[in-house]
Amino acid sequence: MNVLSNTTREKCSIEPPIVFLQDGKHIILALNIAANMILMPTSILGNLSILLSFVLVPSLPSASNNLLLGLVLTDLGVGLVVHPLYIFVLLNVYNNSLPHCKVMAAYSVTTAYLGGVSLLYVTMIGIDKYLAIKLHLRYREIITEKRLIFAQIGVWVLNGLLSLVWLRGFRVYSAFAAVVVLLSIIVAFAVYVKIYQVVKIHRRQIHIQMESMESSMAQFENCRLKRLRKSAISTLYVFFVFLLCYLPFSLSTAINVLSDSPKKAGILTFELCATLMMSNSCLNPLMYCLRFREFRIAVKKTYRLILCGMKK
9 MNVLSNTTRE KCSIEPPIVF LQDGKHIILA LNIAANMILM PTSILGNLSI
59 LLSFVLVPSL PSASNNLLLG LVLTDLGVGL VVHPLYIFVL LNVYNNSLPH
109 CKVMAAYSVT TAYLGGVSLL YVTMIGIDKY LAIKLHLRYR EIITEKRLIF
159 AQIGVWVLNG LLSLVWLRGF RVYSAFAAVV VLLSIIVAFA VYVKIYQVVK
209 IHRRQIHIQM ESMESSMAQF ENCRLKRLRK SAISTLYVFF VFLLCYLPFS
259 LSTAINVLSD SPKKAGILTF ELCATLMMSN SCLNPLMYCL RFREFRIAVK
309 KTYRLILCGM KK
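In our numbering, the protein residues as written are 9 to 320.
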């Protein structure tokens with residue numbers, strides 16, 4: 009490693025593990041750069057499409073959907089900020105140089121910040137779906153739009169404070185992040201298990217009620233439950249994709265923390281897991297359109313409106 013790199017590293021308090029790969033053009037780094045160059049525009053286009061749908065389609069905004077809007081804004085931030093910074097860092101390391109300390113700090117803190125926000129949003133969305141099914145008709149009375157807005161502000165502020173742990177160094181941050189991610193995943197998993205259990209209970213109740221209720225009322229209640237059940241199951245799919253993206257990163261982080269000294273294989277695996285984690289930002293819009301009919305219709309309407317506007 010050259011003298012300039014060592015000097016730069018001494019002055020920089022934030023030192024991500026990737027800086028230890030400045031000793032050759034690793035093929036995995038090249039593949040990682042290519043993957044991020046594909047993920048960046050995909051994430052921006054997908055999340056921008058959902059965001060424009062919220063603006064142009066009046067039927068889409070609602071108290072629950074506003075949580076998904078918050079997640080969309082987070083994912084859009086990953087595409088606009090984190091991916092470009094990460095690509096810049098990867099290119100520098102691949103060419104045996106070290107990016108400026110401010111760039112490494114910006115990449116590290118924004119990744120920690122937006123990754124943490126996404127994590128809490130997915131957990132919050134699961135809790136919201138669970139309460140919608142559990143509270144039944146009392147849901148709108150208890151879970152108001154104002155309370156959801158305050159909860160979202162709390163998520164952004166809390167993660168802003170937590171991301172400052174990076175200033176204590178990578179090992180401290182890694183240990184902290186591994187614990188937080190695993191705990192959040194456990195909580196989210198428990199919530200989605202409860203959703204499944206409550207849906208099963210409600211399904212049995214509907215079958216019993218249909219025998220004693222008037223036909224029209226029974227059909228209305230059955231349709232309402234079906235909508236809630238379908239929405240909960242769709243959210244479960246979003247959580248499953250989230251789990252596939254975040255769990256490897258959490259495990260890789262924990263392994264790096266427990267190892268006495270950084271190893272190339274471990275660092276390369278960590279960087280690949282970081283890319284996998286960030287890929288969640290471009291997979292989420294795809295999941296919305298595949299699993300949520302209202303989003304699929306809204307995106308189609310949005311592009312029709314845009315195309316019609318361009319023709320005029």
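Note that the Cβ used here is the ideal one computed from N, Cα and C, for glycine as well.
| Query | Result |
| --- | --- |
| With H, G and I counted as helix, E and B as strand and the rest as coil, what does DSSP make of Pro-66? | coil |
| Rounded to the nearest angstrom, what separates Pro-107 and Val-117 at their Cα positions? | 15 Å |
| With distances taken between CB atoms, is the gap from Met-48 to Gly-87 smaller than 7 Å? | yes |
| Go through its chain and collect everything with a Cβ distance to Ser-51's Cβ below 7 Å, but skip five positions before and after it. | Asp-83, Val-86, Gly-87, His-91, Ser-289 and Cys-290 |
| Between the beta-carbon of Met-132 and the beta-carbon of Leu-75, is there less than 7 Å? | yes |
| Suppose only complete runs of 4+ residues qualify. What are the alpha helix (DSSP H) ranges in the segment 50-126, listed by chain order? | 73-85 and 91-102 |
| Which of helix, strand or coil does DSSP assign to Thr-152? | coil |
| So which of Asn-40, Trp-164 and Ile-209 has the shortest CA-CA distance to Ala-120? | Trp-164 |
| Here's the rule I'm using: 16 or more other beta-carbon atoms within 10 Å means buried, otherwise exposed. How should Gln-160 be labelled? | buried |
| Does Lys-271 come out as helix, strand or coil in the three-state DSSP assignment? | coil |
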